[in-house]
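Going by the UniProt record's numbering, 43 is the number at position 43 of the sequence shown; the sequence numbering is gapless. Heads up, the beta-carbon is just placed ideally off N, CA and C, and yes, glycines get one too. Single-structure report; data block below.
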Amino acid sequence: MGSLLTQEEVEKRFKNKGWKLIGIYVNKDTKIETICPHCKKNIFIVPNTIFQNNTQSCGCITNQLISEKNSTALKRNSLGYLYPEIAKLYSKNNKKSAFKIYPQSNKKYLWICETYGYKHEYYASANNIKNGTRCPYCTGKKILIGFNDLSTTHPELIEEWNYNKNKIKPTEISYGSGKKCWWKCSKCKHEWQASLLHRSHGRGCPECYPRSYGEEKIKQYLVSKNIVFKREKTFLTCKNENLLRFDFWIQDYNLLIEYNGIQHYKEGKGYLKGKHKLKKRQINDKIKEIWANDNQIKLLIISYAEYDNIENILQKVLK
1 MGSLLTQEEV EKRFKNKGWK LIGIYVNKDT KIETICPHCK KNIFIVPNTI FQNNTQSCGC
61 ITNQLISEKN STALKRNSLG YLYPEIAKLY SKNNKKSAFK IYPQSNKKYL WICETYGYKH
121 EYYASANNIK NGTRCPYCTG KKILIGFNDL STTHPELIEE WNYNKNKIKP TEISYGSGKK
181 CWWKCSKCKH EWQASLLHRS HGRGCPECYP RSYGEEKIKQ YLVSKNIVFK REKTFLTCKN
241 ENLLRFDFWI QDYNLLIEYN GIQHYKEGKG YLKGKHKLKK RQINDKIKEI WANDNQIKLL
301 IISYAEYDNI ENILQKVLK
């Protein structure tokens, strides 16, 4: 059995190995408090591990090497390294660097968008951005006031926004929405429903908006006779792919009126051009006829060829 080392001898051995002894030495197998020469942390260690050169630190060197190795691997597989163009859109407001996240990550980060010259940021995962996900504000999926809300993009429509009937504000919806909203004509004060998409593409008040000469002539006659009517009437059970509209509905007479222009009989021009479009119009016309007959509603069809005789036809039917 060897003689017991003194406190002074132990301190000297520790110092030669770079360690600073703090605690009182008991024996070589009893842990003693010391300071790690690398990270300077106070730890308890078995003296014999120092005497036999079995350790150089408290474990911090190994952890550092592992951390550096992992850091290098992460950097080489990071979004910033593999997708530099996408990394340019990665916001500086994120806490992590683009070189410290994987492109497959589903965690949401901030991204920069300047598509329409208006710099803004949005949240999305790196994986979604890598797979082509676009800015939710530019695609109209989310509203950013001052950028894509209706009041910003189409201020001219706000004058006809019906605040009494709409449950949302024009700052809470975008112009490309298919949602139907209520409008009030600034000229004739007529109230009607129309989608923002249609309105932003130029659709106006159905009472003021230009229609075919035949329809206008029918309207003028009905108004002159004080006959109550509704335009663009639809019924839930009368449809093809969508609900089909009748030009006029006169409930007091149980009468529907359709004015068919030349495009209902011959192939049209421009937007109306195409045999398939003619066929589709004629199919819709037939569906309307059958539906009216099945529901015991009179249907008056006036052809464009009878334009000059419209008043006489209406007079006979509405006598």
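Own chain partners of residue i with C-beta closer than 6 Å, once the 5 adjacent residues on each side are dropped
i: residue 20; result: 35
i: residue 229; result: 222, 248, 250
i: residue 171; result: 145, 149, 151
i: residue 165; result: 182
i: residue 44; result: 31, 33
i: residue 7; result: 25
i: residue 159; result: 186
i: residue 161; result: 170
C-beta neighbour in chain B for residue i, strict 8 Å
i: residue 287; result: Protein chain content of the structure displayed is limited to a single chain, and chain B is not contained in it.
Sub-8 Å separation of residue i and residue j beta-carbons
i: residue 196; j: residue 185; result: no
i: residue 28; j: residue 47; result: yes
i: residue 81; j: residue 99; result: yes
i: residue 136; j: residue 118; result: no
i: residue 289; j: residue 300; result: no
i: residue 246; j: residue 266; result: no
i: residue 284; j: residue 244; result: yes
i: residue 236; j: residue 297; result: no
i: residue 188; j: residue 207; result: yes
i: residue 157; j: residue 253; result: no
i: residue 168; j: residue 240; result: no
i: residue 83; j: residue 12; result: no
i: residue 79; j: residue 101; result: yes
i: residue 227; j: residue 259; result: no
Spatial neighbours of residue i in its chain, beta-carbon cut-off 7 Å, leaving aside the 5 residues before and after
i: residue 5; result: 25
i: residue 138; result: 113, 115, 116
i: residue 104; result: 127
i: residue 10; result: 21, 25, 47
Collapsed DSSP secondary structure at residue i in the structure displayed
i: residue 78; result: coil
i: residue 271; result: Annotation note: pLDDT 31 at residue 271 (below 50); position unreliable, no value reported.
i: residue 4; result: coil
i: residue 291; result: helix
i: residue 307; result: helix
i: residue 286; result: helix
i: residue 50; result: helix
i: residue 89; result: coil
i: residue 313; result: helix
i: residue 21; result: strand
i: residue 100; result: helix
i: residue 302; result: strand
i: residue 279; result: helix
i: residue 106; result: coil
i: residue 27; result: coil
i: residue 94; result: coil
i: residue 14; result: helix
i: residue 68; result: Note that residue 68 scores a pLDDT of 48, beneath 50, so its modelled location is shaky and nothing firm can be said.
Same chain, Cβ closer than 8 Å to residue i, five either side skipped, listed in chain order
i: residue 176; result: 140, 196, 197, 200
i: residue 174; result: 140, 143, 148, 149, 150, 153, 196
i: residue 217; result: 307, 310, 311
i: residue 68; result: A caution first: residue 68 carries a pLDDT of 48, below 50, which makes its placement in the model unreliable, though a value can still be read off. Cβ neighbours of residue 68 beyond the five flanking positions: none.
i: residue 269; result: Low confidence applies here, because residue 269 scores a pLDDT of 43, under 50, leaving its location unreliable; read the following figure in that light. Answer for residue 269: no residue qualifies.
i: residue 93; result: 110, 121
i: residue 282; result: 264
i: residue 15; result: 21
i: residue 53; result: 17
Return the chain-ordered ranges of every beta strand (DSSP E) run that is complete within the stretch 184-269 and spans a minimum of 3 residues. 191-195, 230-239, 243-250, 255-260
Quick test of the definition: if touching needs 3 or more C-beta pairs under 8 Å, does the stretch 118-132 touch the stretch 149-161? No, the stretch 118-132 does not touch the stretch 149-161.
Enumerated in chain order, which unbroken segments of the alpha helix (DSSP H) with a length of 4 residues or greater are wholly contained in the stretch 112-195? 126-130, 150-153
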